[in-house]
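Since the structure comes first, as structure tokens, the remarks are kept for the end.
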Amino acid sequence: MEYQELIAARHSVRRFEDREVPREIIDKIIEEATTAPSSKNTKSSEFVVVEDHDTIVALSEMRESGSTFMKNAPAVIVVLGNKEKTDLWEVNCAISTTFLQLSAVEHGLGSCWVHVNGRVRSKYAADPDPEVRKGHPEGMAEDYVRELLGIRPEFGILCVVALGYEAE
Ligand SMILES: Cc1cc2nc3c(=O)[nH]c(=O)nc-3n(C[C@H](O)[C@H](O)[C@H](O)COP(=O)(O)O)c2cc1C
142 MEYQELIAAR
152 HSVRRFEDRE
162 VPREIIDKII
172 EEATTAPSSK
182 NTKSSEFVVV
192 EDHDTIVALS
202 EMRESGSTFM
212 KNAPAVIVVL
222 GNKEKTDLWE
232 VNCAISTTFL
242 QLSAVEHGLG
252 SCWVHVNGRV
262 RSKYAADPDP
272 EVRKGHPEGM
282 AEDYVRELLG
292 IRPEFGILCV
302 VALGYEAE
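Residue numbers (my numbering): 142 to 309.
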């Protein structure tokens, strides 16, 4: 796709077809995102792919609003930054995410950036049963995502990109 066509086609997609995204396409998009520039070439961004439906549903409950649409995405990519590599991990993550979203367009996919901030809305976090609450802590979205996916403390979590084929 020509560059002008690509940037004109990019828009946030929040409704997806019920169709899997081939893993090789997801891998290609991530490979292309890793070509993004980074401060002092620290390449601090990392990506976690989630395709398990129940985990995607749990992720969609990470915020009080703005993340629920994600439950119908066939795949999501969590964008992390290694804080030990640079103080500018968030900036690097934002550039990587932009590359990721443009690359998704090139591969015929729609995507939407879901920021990891604010408070959790998960019904699990409010459940009276401690067994149900386990793995779904109340509090901030970043802590919720960290615990849900077992992300190590040296990684900051900037956003989750919902990915899929755009529904009509
Ligand atoms: C930093 C950032 C955070 C965003 N967070 C969310 C979000 O949490 N939920 C959501 O549905 N869209 C989110 N978006 C998508 C924006 O709402 C969207 O890009 C904007 O409305 C412009 O629409 P367009 O992408 O279709 O051009 C975010 C975009 C950016 C760049």
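Quick reminder that beta carbons are idealized off the backbone N, C-alpha and C, glycines included.
Cβ pair GLU231, LEU299 closer than 7 Å: yes
Residue burial classification, ARG327 (beta-carbon count within 10 angstroms, cutoff 16): Coverage of the chain is limited to positions 142 through 309, which leaves residue 327 absent and any answer about it impossible.
Starting from the Cα of GLU205, find the closest Cα among THR227, VAL255, SER244 and give me that residue. VAL255
Short Cβ contact (7 Å threshold) for THR183 with LYS226: yes
Compute the minimum distance between the beta carbon of MET179 and the heavy atoms of ligand 1, and state whether it is under 6 Å. The question names Met, yet the displayed sequence has Ser at residue 179. Residue side-chain check: SER179 keeps its Cβ at 6 Å or more from all non-hydrogen atoms of ligand 1.
Three Cβ pairs or more, each shorter than 8 Å: is that satisfied between the region 265-272 and the region 246-253? No: fewer than three Cβ pairs fall under 8 Å.
Selected residue, minimal CA-CA separation from ILE166, among ILE236, ARG287, GLN145, GLY251: GLY251
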